[in-house]
Amino acid sequence: MGDFHRYYAGEKTAPILTLVIGGNHEASNYMWELYYGGWLAPNIYYLGAAGSVDLGGIVVAGASGIFKRHDYTAGRFEHQPYSPSGIRSVYHTRQFDIIKLGLLQRPQIFLSHDWPNGIEHCGDVTALLRKKPFFREEVATSTLGSPPLQMLLDALHPAYWFSAHLHVRFAATVYFGDAGQSDTLAVRSNTILNPEVLEISDEENATAVSAVAMPAAVPHRPETTQFLALNKCSPRGDFLHFFTLPTPADPFLHASTEARPQVPLLYNKRWLAITRVMDPYFSLQRRQMPLPSIQDPSLRERICEEEARLDTLFADKVNPLDVPAYVNPQTAAFSKTYNPDDLQKYKVPDLSVQDLLSSIPSHCFQRSAFHSFLYLFVDFIQLGILVYGATWINTMAESVPWGMPGLSLGATQSVAKFALWSVYCILQGFVFTGIWVIAHECGHQAFSSSKTLNNAVGWVLHSALLVPYHSWRISHGRHHAGTGHLFRDEVFVPRTRDDRSMLPLRPADDENAKANESWGSWLGELLEDAPLFNFFELLLQQTFGWILYLTLNVSGQLSFPNWTNHFSPDSVIFNKRHRNQILMSDVGIALALGSLFAWGSLSPGGWREVVLYYGIPYMLTNHWLVMITYLQHTDPLIPHYSPDAWTFPRGALCTVDREWLGFVGPWFLHGISETHVLHHVSSKIPHYHAWEATEALKKRIGMHYMKSTENVFVSLWKTIRGCRYIELEDVAFYRNADGIPKSVALLPQKVDSGLSYSE
């Protein structure tokens, strides 16, 4: 693992002949350029979008990609340069390829990335759901897996079927007809499980999936199929399985490995005949011409005639059926351009909670109400000074006695007002944010040793800043408990490539999507990586991100239902015992809004005064809050972990300390950005001890401590451009729009090899 690029570039040769199919994460150019199959690398043969070869007398067939209904009946319309949607749709299985595979006879081995639909019922589905509980709904609705592959399984009855995709080891035995026992696959014969899933609403091609009928009988079919899916390649995954399958009349069956010659790889004449006969139906447009029924006798006759012609063509040694070796010279050039060896290596920490906490001096854990109130008092002094100074802004601006060059006196005074109010709003935004940070410490019980005092002070301060104190305190506590976890973190949860395609102005890449993209979807795909589009995306995040998170769970966990928010006691974020606390938080918000309404209604300055003194600094506070938290947990070098790889210490170190605009961070923001790694190790350490504790922690964690001295606005722009999505891996790093990460994980070595063996 980790060195495939060396095989891909031709630097290394696989020690044994390897047959592979494609899934939904490979390079799209190979999925298209090697559509018919070919040598992916020396001694590594790719079966293509669909393919079949003869391996020493054993017929092996395979189907690459995953099933997506909206592309299933389309042609192979993708072309270079690929659009963002084309990068995905190129690995979606097509009806054309499934029909070709259905015309095969007796493949002993079938390979697919997707699972056949319904296969879970032929194995221990209870054990499967224990490992993957989020499959429960799909199992209950019979939507787990691919319906076209289910039909191939019914038609071909291979002796062995191997799959991947779902990242879990699962074995099953499929019984056909009257063999042994009856189950959901055995009794269905050629009927379709859950036919509603197979209805097609593609206006461009009205051919339904259910119209693909499989042959009623294939001679000499095995009565059972042994199905095996393996886990993904990870140090603790069941990803490797050896089994013995003798080739017909194998003279080296009992010979040692060293004495055995390599099994010959030959073209499958039946597959060559099918490919030639079906070629007139192959479409390079989105619209797929009507396809023949595979039960059409004339179609099978033409295939038999073509197969007989191939028997004559390959009868002599001039045209052998051996697959010739070939290495694509483009691969070496690509590997030099993008060399995984150049990626920064992140050594995954193997520390315990005790390892982290024991490095911090004991007095750093002491909380003092006196010290905390002292810092809060300073913040309010700053707030008062700024408010008092702001009352003189208009008077001072209107007293300017001369006009600026090229401007009238009135225009000059207006410019002076704008400049002075801007200074006030920016500085007051910093002060508001500092008060917000103190309230945040109250939520962590770091303000004092009294929980009652902490919650009282925090409720007042956060309510004044329109933050539902207890609601956010609870969800923020869950964020700390699941930081760096792909499925448990609460905020700025990384999206996968498919997740991002489901966002507004993106093509919905799910089972119910239509083939035709809307104008908005097309525009979103076109502009996704455009700097101007990224700028407006960033502007939206920084202006409304905090409000949208509280009200609509934007950037939160995708597993939460629509309309999840921080104001409803019935929100999935909370438990029943939290109900009164959530209502109390709502009361605080109502009182704050009522006070602002009274201010705007009764003050001589009216709502203009509210906007200038409170509204703009409040929006700037939201901006700083979103920017701080976004940059703390989003960076190309920050990992995110799967449930198998995550531990609390690893998650706690999934953050970056950043120097924040010189003195602004330490003075106004109480070091919330400069000491955030320490804050995730122990959130009860008050900010005035966090600096010393950080220095002690740095000595203990060494290379695992991440800090940036780059200007935070530069970092913000780089991050929004470079952190577009992740791939679901044990240790996942953000990738840019081109799919390239900046870091790769080095996992601690485990004893479990993930290898199993059977005869």
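Each residue of the sequence shown is one higher than the last, beginning at 1 in the UniProt record's numbering.
Ideal Cβ placement from N, Cα and C applies to all residues, glycine included.
Every value quoted in this text rests on a predicted model; they were computed, and no experiment measured them.
Residue nearest to Gly-48 within the set Phe-67, Thr-496 and Leu-34 is Leu-34 (criterion: CA-CA distance). Bridge partners of Val-731 according to DSSP: Tyr-641.
About 5 Å separates the Cβ atoms of Leu-538 and Ile-720, confirming a contact at the 8 Å cut-off. Bounds of the beta strand (DSSP E) holding Val-60 are 58-63. Apart from the 5 residues on each side of it in sequence, Ile-628 sits with its Cβ closer than 6 Å to the Cβ of Ser-673 in its chain, given in chain order. Rounded to the nearest whole angstrom, the C-alpha separation of Leu-532 and Gln-382 is 37 Å. Taking the Cα positions, Gln-226 is about 47 Å away from Asp-570. In the DSSP assignment, Ile-720 falls within the unbroken alpha helix (DSSP H) covering 712-722.
When rounded, the separation of the alpha-carbon atoms in Ala-164 and Tyr-8 is 21 Å. Beta-bridge partners assigned by DSSP to Ala-745: Tyr-346. For Leu-17, no pairing in a beta bridge is given by DSSP.
As for any alpha helix (DSSP H) of minimum length 4 sitting wholly inside the segment 363-397, the runs are 369-390, ordered along the chain.
When the five nearest sequence neighbours on each side are left out, the beta carbons in the same chain lying within less than 6 Å of the beta carbon of His-689 are those of Cys-364, in order along the chain.
Separation of Ala-737 and Gly-702 (C-alpha to C-alpha, rounded to the nearest whole angstrom) is 31 Å. For the segment 141-166, the continuous alpha helix (DSSP H) assignments of 4+ residues that do not extend past its boundaries occur at 147-156, in sequence order.
Looking at Ala-745, Ile-616, Ile-573 and Pro-666, the one whose alpha-carbon comes closest to that of Ala-645 is Ala-745. Val-174 and Leu-156 do not touch by the CB rule: their CB atoms are close to 11 Å apart, not below 8 Å.
In this chain, the alpha helix (DSSP H) harbouring Val-677 covers 676-681. A distance below 9 Å separates the beta carbons of Phe-110 and Pro-158. Within the model, the alpha-carbon separation for Gly-484 versus Asn-711 is close to 24 Å. When DSSP reads this structure, Ser-52 sits in a beta bridge with Ala-61. In the structure shown, Trp-402 adopts coil according to DSSP, grouped into three states.
Counting the other CB atoms within 10 Å of its CB gives Cys-442 a total of 16 or more, which places it among the buried residues. The beta-carbon separation of Gly-145 and Pro-116, rounded to 5 Å, stays under the 8 Å limit for a contact. By the CB criterion at 9 Å, His-679 and Gly-429 fall outside the cutoff. Using a Cβ distance threshold of 9 Å, Gln-150 and Ile-99 do not count as a contacting pair. For Pro-748, the number of other beta carbons within 10 angstroms of its own is below 16, and it is reported as exposed. For Leu-228, there is no enclosing alpha helix (DSSP H); the residue is found in the beta strand (DSSP E) stretching over 224-229. The Cβ neighbour count for Ser-64, taken over all protein chains shown within 10 Å, is at least 16; the residue is labelled buried.
Proximity of the segment 59-78 to the segment 8-23 meets the contact definition, three or more beta-carbon pairs being nearer than 8 Å. Counting every other CB atom within 10 Å of its CB across the protein chains shown gives Val-90 a total of 16 or more, marking it as buried. If the five residues before and after Trp-599 are omitted, its C-beta is found closer than 6 Å to the C-beta atoms of Val-610, all from its own chain and listed in chain order.
Beta-bridge partners assigned by DSSP to Val-174: Thr-225. One Cα belongs to Ser-372, the other to Lys-68, and the distance between them is close to 56 Å. Beta-bridge analysis with DSSP links Asp-657 to Lys-707. DSSP places Leu-550 inside the alpha helix (DSSP H), whose first and last residues are 531-552.
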